[in-house]
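Asks:
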Amino acid sequence: MKINKSKAIMIATRFFGQYNSDISLKNAILEGDVWKVTVQTGMTNTKTKQVSIDANNGKILNNIQF
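Here is the structure:
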C-alpha cells in the first residue's frame, strides 16, 4: 500500500475542492486496498459525499453522493 490515510484525505479534498468551496472531512476508512473518504460539502445546503481511492496508486475509482 503506497497511499496512507493523510494522502488519501488530501486526494479527496482536492477532488471535491474542484466543485465545492466548503469541505469538512467526516471519515476515511481503509477497506482492503481502497480508501473510502467521506466528506460533507456546502455551508447551508450540506451534502454528504464519498470517494473511493485505490490505496496502491491513488487513483479515484468512483464517487457517490448520499
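Throughout the sequence shown, residue numbering follows the numbering used here, covering 1 to 66 in sequence.
Glycine residues also receive a C-beta, built at the ideal position from the N, C-alpha and C atoms.
Here the structure is a predicted model, which is why all the values come from computation and not from measurement.
1. Do residue 35 and residue 53 have their C-beta atoms within less than 8 Å of each other?
2. Between residue 56 and residue 1, is the Cβ-Cβ spacing less than 8 Å?
3. Can you look up residue 28 in the DSSP assignment and give me helix, strand or coil?
4. So, under 8 Å CB-CB, residue 44 and residue 27 are touching, yes? Tell me the CB distance rounded to an integer number of Å.
5. In whole angstroms, what separates the C-alpha of residue 106 from that of residue 42?
Replies: Answer, in terms of the structure:
1. Here residue 35 refers to the residue found at position 35 when the sequence shown is read from its first residue. Here residue 53 refers to the residue found at position 53 when the sequence shown is read from its first residue. Contact: yes.
2. Numbered from 1 along the sequence shown, position 56 holds the residue referred to as residue 56. Numbered from 1 along the sequence shown, position 1 holds the residue referred to as residue 1. Cβ atoms of residue 56 and residue 1: closer than 8 Å.
3. As a working mapping, residue 28 is identified with position 28 in the sequence shown. Residue 28: strand per DSSP, three-state reduction.
4. Here residue 44 refers to the residue found at position 44 when the sequence shown is read from its first residue. Here residue 27 refers to the residue found at position 27 when the sequence shown is read from its first residue. Not confirmed; about 22 Å, so no contact.
5. As shown, the chain starts at 1 and ends at 66. That puts residue 106 outside it, with no answer to give.
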